[in-house]
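Enquirer: One structure coming up, written as structure tokens, with questions to follow.
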Amino acid sequence: MKSIKAIWSALFESLRDLLPIIVVIGFFQLAVLQQPIPNFGEIALGITFVVIGLTLFVQGLNMGLFPIGETMAYSFASKGNIFWLLCFAFTLGFGTTIAEPALIAVANEAALVAADGDMIEKNEQSMASYALGLRITVAISVGIAIVIGVFRIVMGWPIQYLIVIGYTGVVVMTFFAPHEIVGIAYDSGGVTTSTITVPLVTALGVGLASSIKGRNPMIDGFGLIAFASLTPMIFVMGYGMVI
Amino acid sequence: MIDIFKELLFTIAYTVRDVTPIVVVIFGFQLVILRKPIPNLKKIITGFVLVLLGLGIFLEGLEAALFPLGRLMAQQLTDPAFIAGDQIGRVLDWWDYQWVYLFAFAIGFATTIAEPALLAVAIKANQVSAGSIGVWGLRIAVAIGVAIGIALGVFRIITGTPLYWYIIGGYVFVLLQTMFAPRMIIALAYDSGGVTTSTVTVPLVAALGLGLASTVPGRNPVLDGFGLIAFASLFPIMSVLAYAQLSAWLFRRSIKSQPQ
Numbered sequence: 001m002k003s004i005k006a007i008w009s010a011l012f013e014s015l016r017d018l019l020p021i022i023v024v025i026g027f028f029q030l031a032v033l034q035q036p037i038p039n040f041g042e043i044a045l046g047i048t049f050v051v052i053g054l055t056l057f058v059q060g061l062n063m064g065l066f067p068i069g070e071t072m073a074y075s076f077a078s079k080g081n082i083f084w085l086l087c088f089a090f091t092l093g094f095g096t097t098i099a100e101p102a103l104i105a106v107a108n109e110a111a112l113v114a115a116d117g118d119m120i121e122k123n124e125q126s127m128a129s130y131a132l133g134l135r136i137t138v139a140i141s142v143g144i145a146i147v148i149g150v151f152r153i154v155m156g157w158p159i160q161y162l163i164v165i166g167y168t169g170v171v172v173m174t175f176f177a178p179h180e181i182v183g184i185a186y187d188s189g190g191v192t193t194s195t196i197t198v199p200l201v202t203a204l205g206v207g208l209a210s211s212i213k214g215r216n217p218m219i220d221g222f223g224l225i226a227f228a229s230l231t232p233m234i235f236v237m238g239y240g241m242v243i
Numbered sequence: 244m245i246d247i248f249k250e251l252l253f254t255i256a257y258t259v260r261d262v263t264p265i266v267v268v269i270f271g272f273q274l275v276i277l278r279k280p281i282p283n284l285k286k287i288i289t290g291f292v293l294v295l296l297g298l299g300i301f302l303e304g305l306e307a308a309l310f311p312l313g314r315l316m317a318q319q320l321t322d323p324a325f326i327a328g329d330q331i332g333r334v335l336d337w338w339d340y341q342w343v344y345l346f347a348f349a350i351g352f353a354t355t356i357a358e359p360a361l362l363a364v365a366i367k368a369n370q371v372s373a374g375s376i377g378v379w380g381l382r383i384a385v386a387i388g389v390a391i392g393i394a395l396g397v398f399r400i401i402t403g404t405p406l407y408w409y410i411i412g413g414y415v416f417v418l419l420q421t422m423f424a425p426r427m428i429i430a431l432a433y434d435s436g437g438v439t440t441s442t443v444t445v446p447l448v449a450a451l452g453l454g455l456a457s458t459v460p461g462r463n464p465v466l467d468g469f470g471l472i473a474f475a476s477l478f479p480i481m482s483v484l485a486y487a488q489l490s491a492w493l494f495r496r497s498i499k500s501q502p503q
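What follows is the structure, given as structure tokens:
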């Protein structure tokens, strides 16, 4: 009885999370554009899917992603080997980014822009190799970001100093990079961190900060995602300058 | 109706493919380097399966119900024929796009509330701060930031001003806020910039940017369509820092006003 009640309340919470989108789209469709809602049945089914999917995701988050991230953080901390910890950090950042669908889409767009601006030859082969090079560049930059972020947690450095350096890097690069690439570079910072990477990396950071003596999980544990959104901007502008 | 279930299987298969590198890295390090058994392995595997199924079903539902309508809406709202109304052919200035600003604001807010990655970070922040950071408080603060960011990003595309003015200006503002914000919130605020833009927000916002860049005269869709995601990642940092500053200020004031 109790578990059925828990499932209902979880489903209800997901529906509440979704309500703003339904209201916004409904309002603009009916009141502003003044058009009827097409295929009502399919939309209702889709919304049911979204609600069930979100509920399952949150359940799985607490059962799987959070515990594994924290368990690994504790094991690395008790092993005390910083080299392997940093290796893990790099592989995790690189591995989760290289296959990221949003990044693949952005890289293909970027190849189009580069071909338009006569930075590369306008044929399929050189555009494909440009897009692949860009993906590898971003993946390396996210790997480096997680390494820097993990190292910061271990050392207990205040995050704002590193962010100031990162921001300065972005600003300096902006003035030297070809201006076609700037918009793509700024956007690539936002698309690298996917829905599965974020909980995992967050749990890793918080787990590390709570298992190392003298670190506060609230002050030191967060911040890994911040680096992962900052370094791709610098690296993509660098890539635009080199190619 | 049958199609949607067939599509669902494809989406789940894609999600599995995207997750494979993560699983390989985790279990590889666990087996080769750490060489320790994982506690509650069964429960963790069940959790992974739930995450995969949940994300697959979630994405398929969005693709079936909300994305087509949202994309079409972005196209229709940015169509010059809709914006000019009865006076077709007159020159439009930035204020004529008021419905577009309102749509940008509303869709930025609404998609951020539904973003699973942000929910995950909010749950974690709530656990770590022992409840002093509310799940809803953080999500609403971030959503307001994204809403303002996207509305301003749309204004930028319409007026054609350079992107880097806004981004560099935003950086200066964030650094000033950092000097005055409570220390506890700083790392979380920086993180909330990166988590806001993923599965739900990006497709709708990209459609809006592309629609505007291809209909506003003098804009190049390949060049000017970019930049909205950058706005959506920068402004939540400001709104979360502002939220923390505001709650700290209210807290101090309530202590002062208490009778001795």
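Residue numbers (the working numbering), protein chains in the order written: chain A, 1 to 243; chain B, 244 to 503.
Glycine is no exception: its CB is placed at the ideal position from the N, C-alpha and C atoms.
None of these values were measured; they are calculated from a predicted model.
(1) Is there a Cβ of chain B sitting closer than 8 Å to that of A:Ile52, yes or no?
(2) Sort A:Tyr130, A:Gly46 and A:Phe57 by Cα distance to B:Glu306 and report the nearest one.
(3) Are B:Gly388 and A:Val50 touching if we call contact CB-CB under 8 Å?
(4) Please return the same chain residues whose Cβ sits closer than 7 Å to the Cβ of B:Phe416, not counting the five positions on each side in sequence.
(5) Just verifying my parser: in three-state terms, what is the DSSP assignment at A:Ile219?
(6) Which residue from A:Glu180, A:Gly223 and A:Ser188 puts its Cα closest to that of A:Pro199?
(7) Could you check whether A:Leu92 and B:Val268 sit closer than 8 Å to each other, using their CB atoms as the reference points?
(8) I think A:Gly238 touches A:Met173, with their Cβ atoms under 8 Å apart; what is that distance to the nearest whole Å?
(9) Output, in chain order, the set of chain A residues within a Cβ distance shorter than 8 Å of B:Leu293.
(10) Can you list the residues of chain A that B:Ile429 reaches, using a CB-CB cut of under 9 Å?
(11) At the level of alpha carbons, what is the spacing between A:Gly169 and A:Glu42?
(12) Any contact between the segment 73-87 of chain A and the segment 309-317 of chain B? By contact I mean 3 or more CB pairs, one from each, below 8 Å.
(13) Among the residues of its own chain, which have a CB less than 8 Å from the CB of B:Leu295, if the five just before and after it don't count?
(14) In whole angstroms, what separates the C-alpha of A:Val150 from that of A:Gly205?
(15) Entirely within the segment 28-71 of chain A and at least 4 residues each: give me those alpha helix (DSSP H) ranges in chain order.
(16) Just the Cα atoms here: how many angstroms apart are A:Phe28 and A:Ile144?
(17) With respect to the alpha helix (DSSP H) encompassing B:Phe469, which residues constitute its N-terminal and C-terminal limits?
(18) Any idea if A:Arg16 is buried or exposed, counting beta-carbon neighbours within 10 angstroms, 16 or more meaning buried?
(19) What are the uninterrupted segments assigned as beta strand (DSSP E) that are 3 or more residues long and contained completely in the segment 76-157 of chain A, given in chain order?
(20) Would you check if the distance between the CB atom of A:Leu180 and the CB atom of B:Leu466 is smaller than 8 Å?
(21) Could you work out which residues of chain A lie near B:Glu303, taking near to mean beta carbons separated by less than 7 Å?
(22) CB-CB under 6 Å to A:Val236, same chain, minus the five flanking residues each way: which ones, in chain order?
(23) Determine whether the beta carbon atoms of A:Ile146 and A:Ala89 lie at a separation below 8 Å.
(24) Taking only runs of the alpha helix (DSSP H) that begin and end inside the segment 392-459 of chain B, which ones reach a length of at least 4 residues, in chain order?
(25) Return the Cβ separation of B:Phe477 and B:Gly436 in integer angstroms, given the expectation that the two are a contact with Cβ distance under 8 Å.
(26) Compare the C-beta of B:Pro359 with all C-beta atoms of chain A and state if any pair is closer than 8 Å.
(27) Pairs of beta-carbons, one from the segment 436-445 of chain B and one from the segment 357-372 of chain B, closer than 8 Å: are there three or more?
(28) Whole angstroms are fine: how far does the CA of B:Phe248 sit from the CA of B:Val292?
(29) Between the alpha carbons of B:Gly461 and B:Leu455, how many angstroms are there, rounded?
(30) Distance cutoff 8 Å, beta carbons only. Does B:Pro464 sit that close to anything in chain A?
(31) If contact is defined by three or more beta carbon pairs under 8 Å, each pair taking one atom from either stretch, is the segment 405-412 of chain B in contact with the segment 340-356 of chain B?
(32) Can you give the Cα-Cα distance for A:Met63 and B:Leu447, rounded to whole angstroms?
(33) Please confirm if B:Phe346 has its CB atom under 8 Å from at least one CB of chain A.
(34) Ordered along the chain, which non-local residues of its own chain (more than five positions away) have a Cβ less than 6 Å from that of B:Gln488?
(35) My assumption, with CB atoms under 8 Å, is that A:Ile159 sits in contact with B:Ile429. Please give the rounded CB distance.
(36) Is B:Leu302 near B:Thr442, with beta carbons less than 8 Å apart?
Expert: Concretely, from the data shown:
(1) Start at 1 with the first residue of the first sequence, and residue 52 of chain A comes out as number 52. Chain B contact via Cβ: present.
(2) Here residue 306 of chain B corresponds to residue number 63 of the second sequence, with the count starting at 1. For the residues A:Tyr130, A:Gly46 and A:Phe57, the minimum Cα distance to B:Glu306 belongs to A:Gly46.
(3) Locating residue 388 of chain B in the second sequence gives position 145, where the first residue counts as 1. Locating residue 50 of chain A in the first sequence gives position 50, where the first residue counts as 1. Going by C-beta atoms, B:Gly388 is not nearer than 8 Å to A:Val50.
(4) Stepping through the second sequence from its first residue, residue 416 of chain B is reached at position 173. Taken in chain order, the residues that qualify are Met481.
(5) Here residue 219 of chain A refers to the residue found at position 219 of the first sequence. It is helical.
(6) One-based indexing of the first sequence puts residue 199 of chain A at position 199. With distances taken between Cα atoms, A:Pro199 lies closest to A:Gly223.
(7) Within the second sequence, numbered from 1, the residue matching residue 268 of chain B stands at position 25. Within the first sequence, numbered from 1, the residue matching residue 92 of chain A stands at position 92. Yes.
(8) Within the first sequence, numbered from 1, the residue matching residue 238 of chain A stands at position 238. Within the first sequence, numbered from 1, the residue matching residue 173 of chain A stands at position 173. Between A:Met173 and A:Gly238 the Cβ distance is about 7 Å, and since that is below 8 Å, they are a contact.
(9) Position 50 of the second sequence, counting from 1, holds the residue named residue 293 of chain B. Leu56, Phe57, Gln59, Gly60, Met63 and Gly64, listed in chain order.
(10) For the purposes of this step, residue 429 of chain B is taken as residue 186 along the second sequence, with counting starting at 1. Correct list: Pro158, Ile159, Gln160, Ile163, Ile219, Phe222 and Gly223.
(11) As a first step, residue 169 of chain A must be located in the first sequence, where it is residue number 169. As a first step, residue 42 of chain A must be located in the first sequence, where it is residue number 42. A:Glu42 has its alpha-carbon roughly 48 Å from the corresponding atom of A:Gly169.
(12) no
(13) To locate residue 295 of chain B, count along the second sequence from 1; it is residue 52. These residues qualify, in order along the chain: Ile255, Thr258, Val259 and Val262.
(14) As a working mapping, residue 150 of chain A is identified with position 150 in the first sequence. As a working mapping, residue 205 of chain A is identified with position 205 in the first sequence. Cα to Cα, A:Val150 sits roughly 7 Å from A:Gly205.
(15) 40-60, all fully within the segment 28-71 of chain A.
(16) In the first sequence, counting from the first residue as 1, residue 28 of chain A sits at position 28. In the first sequence, counting from the first residue as 1, residue 144 of chain A sits at position 144. Going by C-alpha positions, A:Phe28 is about 43 Å away from A:Ile144.
(17) As a first step, residue 469 of chain B must be located in the second sequence, where it is residue number 226. Under the DSSP assignment, B:Phe469 falls outside any alpha helix (DSSP H); it carries neither an H nor an E label.
(18) Counting from one through the first sequence, the residue named residue 16 of chain A turns up at place 16. Label assigned to A:Arg16: exposed.
(19) none
(20) The residue you call residue 180 of chain A lines up with position 180 of the first sequence. The residue you call residue 466 of chain B lines up with position 223 of the second sequence. The question names Leu, yet the displayed sequence has Glu at residue 180 of chain A. Contact flag set, yes.
(21) For this step, residue 303 of chain B is matched to residue 60 along the second sequence. Residues of chain A passing the Cβ test: Phe49.
(22) As a first step, residue 236 of chain A must be located in the first sequence, where it is residue number 236. Closer than 6 Å at the Cβ level, and outside the excluded window around A:Val236, lie Ala185 and Ser188.
(23) Reading the first sequence from its first residue, position 146 is the one you call residue 146 of chain A. Reading the first sequence from its first residue, position 89 is the one you call residue 89 of chain A. Yes, they are a contact pair.
(24) 406-423, 426-438 and 444-458
(25) What you label residue 477 of chain B is simply residue 234 of the second sequence in a count that begins at 1. What you label residue 436 of chain B is simply residue 193 of the second sequence in a count that begins at 1. Before going on, a small fix: residue 477 of chain B reads as Leu here, not Phe. That belief holds up - the Cβ atoms of B:Leu477 and B:Gly436 are roughly 6 Å apart, short of 8 Å.
(26) Reading the second sequence from its first residue, position 116 is the one you call residue 359 of chain B. Cβ-Cβ to chain A under 8 Å: yes for B:Pro359.
(27) yes
(28) Along the second sequence, one-based indexing puts residue 292 of chain B at 49. Along the second sequence, one-based indexing puts residue 248 of chain B at 5. Approximately 18 Å between the Cα atoms of the pair.
(29) Taking the second sequence and counting its residues from 1, the one referred to as residue 461 of chain B is at position 218. Taking the second sequence and counting its residues from 1, the one referred to as residue 455 of chain B is at position 212. Their Cα atoms are separated by approximately 11 Å.
(30) The residue labelled residue 464 of chain B in the question sits at position 221 within the second sequence. Answer no: the Cβ-Cβ gap between B:Pro464 and chain A never drops below 8 Å.
(31) no
(32) The residue you call residue 63 of chain A lines up with position 63 of the first sequence. The residue you call residue 447 of chain B lines up with position 204 of the second sequence. Cα to Cα, A:Met63 sits roughly 30 Å from B:Leu447.
(33) Your numbering for residue 346 of chain B matches position 103 in the second sequence. It does; some Cβ of chain A falls within 8 Å.
(34) Taking the first residue of the second sequence as 1, we reach residue 488 of chain B at position 245. Closer than 6 Å at Cβ, skipping near neighbours: Ala424.
(35) Residue numbering aside, residue 159 of chain A sits at position 159 when the first sequence is read from its first letter. Residue numbering aside, residue 429 of chain B sits at position 186 when the second sequence is read from its first letter. Contact flag correct, Cβ pair sits at about 6 Å.
(36) By one-based count along the second sequence, residue 302 of chain B stands at place 59. By one-based count along the second sequence, residue 442 of chain B stands at place 199. Cβ distance < 8 Å, so B:Leu302 and B:Thr442 count as in contact.
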